[in-house]
Structure formats: C-alpha cells, structure tokens
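Here the protein sequences line up with chains A and B, keeping their order.
Note that my numbering has the first sequence beginning at 1247, numbered continuously upward.
Note that my numbering has the second sequence beginning at 1247, numbered continuously upward.
Don't be surprised by glycine CBs; every beta carbon is placed ideally from N, CA and C.
Following: one structure in structure tokens, then a few remarks.
Protein chains: 2
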Amino acid sequence: MGAARAEFQRTGYEAASTRKIASAAGCNPALISRYYGSKIGLFEAVMEECIDLAPLQGLPLPEMVEALADIALGKADPTGGFDPLVVAIKSSGSVEAQDVIRTKLGNPMVKQLAALIGGNNSDQKAGVILSIISGMFVGRVSVDAEALSADHDSALKELLVHAMTAVLSPDR
Amino acid sequence: MGAARAEFQRTGYEAASTRKIASAAGCNPALISRYYGSKIGLFEAVMEECIDLAPLQGLPLPEMVEALADIALGKADPTGGFDPLVVAIKSSGSVEAQDVIRTKLGNPMVKQLAALIGGNNSDQKAGVILSIISGMFVGRVSVDAEALSADHDSALKELLVHAMTAVLSPDR
DNA sequence: AAGGTAAGTCAACAGGTGATTACTTGGATA
DNA sequence: TATCCAAGTAATCACCTGTTGACTTACCTT
C-alpha cells in the first residue's frame, strides 16, 4: 500500500496514524484492521520490501564501494522513492516496530551484504558498512546537519569511499 | 530532570508521555507545563546536555580515533548513562523534536569536532565521523543487529579505527 | 431470480494525550 | 501577626489513538 509507505517514511511508525494513512489512500481506516490485522501488521507488510543489493553482485571492490557510497548519499534509488532505512530510523522509538525492523530489515540486509563481501568477519564488515550508511541517513534526514547537505556531495563521497574501502579491504 | 532524560532515552520524544515522566519523577504532570512551558520545552532543556568532546583535545590522531571508536561502541560514557545520540535517533520521528536535535545537538557537535580536526573539509569530516558513530548506535540500539553485538567488539573496533583513520588522515 | 460471500462504510468504544484552570499549601517578608 | 508569593495539587478540557461490531452494497455462483 503506497500511502502507508509514504506516511511511515514521513513520520515513522509511532507518529503515523491509521486514519491519516487511510485518508491518504482514499479508503476507510477499518480496512487496515480487516486486511492486515493491526497497525503493526501493516507496518510488517510494508517493511517486507527490503533494499535489494543484488546489483552489487560481482562488482570489483572499488566499484562496489562507490555504489555503497551513492546509497549512503541517497543518490541510488533502489526501491522507487521508498527508503526502508529512513523508516527504520524514524520508527526506532517504538518497541514493537523495532522487532519488525530487526527481523525484516536489519539482519537480512547484513546477511545479504556479508555474502557479497566474504572473507573474515564479513558479518561485522557488513554491519559496519550498513551502520555508516544508516548514520549518513541520520545525519542528513533526521538531524539535517549542514555539513552533510547535498552541497558537499563530492567531498562527502570521497570521504565515504575512503572509509568504506578501509573497512572492506581484505589486508588483515 | 533525571526522570525525563531516562524516559526520553528509553522511548524517544514522541512515545514518552508527560504523565509517565512526572510519575517517575514523583511529581505532578502540571509542573512540566509550569516550569518548561511545554513538553517540547522540557525536551529542549534535556538536550542542552551535549556530548563533551573536550577530553579529545590535543590527542594525536591515532589516539583520537581510538577514543571516537570507543564512543561508537558505547564504551565511553561521557554523560553518565545519558546518551543524547540515542535520544536523537529514537526521537527522529517527531518533526518538532528534529528542530531541537539539529540546533541543540547536531550542528554543535559537528562544529565542536570539526574544530578538533582542522584542515580541509573539517566540517564534512566531522559530519562523517559523527554519522559513523550514529550509525553504530542505530545498528546496536535500534536495529539490534547480531553482527554488531558486544561479542564482536574487538573486531568491530578494529574496523572502526580503520574507517575513521581513513576519513581523518590529512593526505589529500 | 435467489442466496451467499466478500468489500467497504459508519459510528462508537475505551483509553491515552498535552495543556489549562482554579485551588491549596508552606514559608518568607514586612 | 498579617500579607504575599512561589510551589504543588486535583480535576477537567478537547482532542486523537487503534480497534471493533453492525450495517449496507456489489458481485458471483447455482
């Protein structure tokens, strides 16, 4: 349901009300309970849509790093304007949303990226990379820090590429 | 007010109710309006307490990086059990909380760290470092990813040190 | 045409929210 | 002692929340 995705992305799980979602979708709030059981059920359905990292498969390390940096800067749009990580961050105040986020988004993405990385500590490397991406989202979307604005994209990308390369380089 | 800090940290701004805060503090909810004007006023007062990066001043780069990595892993406790970044992340669903976070926490911390770093693009470097720290908080606290659990602290610290060093090294 | 089933609507619920108001108390000042 | 002011309390306001149950509508099958 597109309206739910948009609303969850705009305000996070807690602040998004079923009434607003339903009215944006042009339907009745009662339908949410009917079809998804509850609000958290709707959230679960929305978060099924994971970021797909398959396009990164087989890329040599420098290009993979560059692609990851683009994701961190919001330049890649793998899910058509819907950013599950933004939803996850904005929803992190809710305890019940956290469970959904961990099972539907967090651990699956770590596993997915770890498989692409391979080698020693690949889970931890993937976790750190995804943390860097998440952190950039926090800085740009939530905190809206001046230093991370799009004006400095080129400098930021260079920094991110260096950081991610340092994490992923296998020389240890 | 200690109870407010604890409650905001536990649930974020939106989900924390003035009634719960007041009852935890053993006082009347009306006192919040009286002394802080409103709930957001209380939040503003709580977020005044910024992370103090002064202890990092004058440290050579390798030690500064290590200290920052410790902060990212939650090993440093510069504000006595109160973690403004956790509050910021968990509160990022609320629009009004965002303003407070940006002005009281985000930009001040960037400036503070940028001053310690110096050199070209110090604002961006500081922003990326703080993003990495924030991201690790997201991964460990909100998403609670297995790969980032305390079991792997030594491997994680090594990765973080490499990443941060790559960001902060002046050779460019 | 009749019956059944799914889709959708509407009003109401019980509970929780932040904020305001009028009121009582306690201690200091003059 | 009488007065005043700040501190704290209790009740209440108007609003919003997710969810439920009874009801109407439309369509499809027999």
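According to DSSP, is residue i helix, strand or coil?
i	result
A:T1257	helix
B:Q1303	coil
B:V1389	coil
A:M1310	helix
A:D1329	coil
B:R1418	With a pLDDT of 49 at B:R1418, under the threshold of 50, the modelled position of that residue is not reliable, and the figure given next carries that caveat. The answer is coil: DSSP assigns B:R1418 none of H, G, I, E or B.
A:I1297	coil
A:S1279	helix
B:S1340	coil
A:R1251	helix
Taking Cβ positions, are residue i and residue j nearer each other than 9 Å?
i	j	result
A:S1380	B:V1387	no
B:A1393	A:D1345	no
A:P1330	A:L1302	no
B:I1286	B:A1249	no
A:F1254	A:V1292	yes
B:R1251	B:E1290	no
B:I1378	A:I1378	yes
B:L1299	A:V1374	no
B:L1376	B:V1389	no
B:A1313	B:L1305	yes
A:K1336	B:S1338	yes
B:N1367	A:H1398	yes
Can you give me the start and stop residues for the alpha helix (DSSP H) that residue i sits inside?
i	result
B:R1265	1264-1271
A:K1285	1285-1293
A:Q1370	1368-1383
B:L1319	It is not in any alpha helix (DSSP H) - B:L1319 carries neither H nor E in the DSSP assignment.
B:S1400	1399-1414
B:M1355	1353-1363
Leaving out five residues on either side along the sequence, give the residues of the same chain with a beta carbon under 6 Å from the beta carbon of residue i.
i	result
B:I1347	A1334
A:P1354	C1296
A:A1322	D1316
A:F1328	R1251
A:M1382	A1318
Would the beta-carbon of residue i be found less than 8 Å away from any heavy atom of the ligand COA?
i	result
A:G1272	This structure lacks the ligand COA, and indeed carries no ligand of any kind.
Apart from the five residues just before and just after residue i, which ones in its own chain have a Cβ nearer than 7 Å to its Cβ?
i	result
A:V1275	For the sequence presented, residue 1275 of chain A should be read as Pro rather than Val. T1264, R1265, A1268, listed in sequence order.
B:R1418	Unreliable placement is indicated for B:R1418, whose pLDDT of 49 sits below 50; the coordinate value is still reported in the next sentence. Correct list: empty, nothing qualifies.
B:Y1282	L1288, A1291
B:T1325	E1295, I1297
B:A1372	V1356, L1359, A1360, I1363
Once you ignore the five residues that flank residue i on each side, which residues in its own chain have a CB closer than 8 Å to its CB?
i	result
A:S1340	G1258, Y1259, E1260
B:M1247	I1267, A1271, L1288, A1291, V1292
A:V1280	First, the residue type needs correcting, since residue 1280 of chain A is Arg and not Val in the sequence shown. Cβ within range, chain order: n/a, list empty.
Is the segment 1397-1411 of chain A touching the segment 1407-1415 of chain B in the sense that three or more CB pairs, one from each, lie closer than 8 Å? With a cut-off of 8 Å, the segment 1397-1411 of chain A and the segment 1407-1415 of chain B count as touching, because enough Cβ pairs lie within range.
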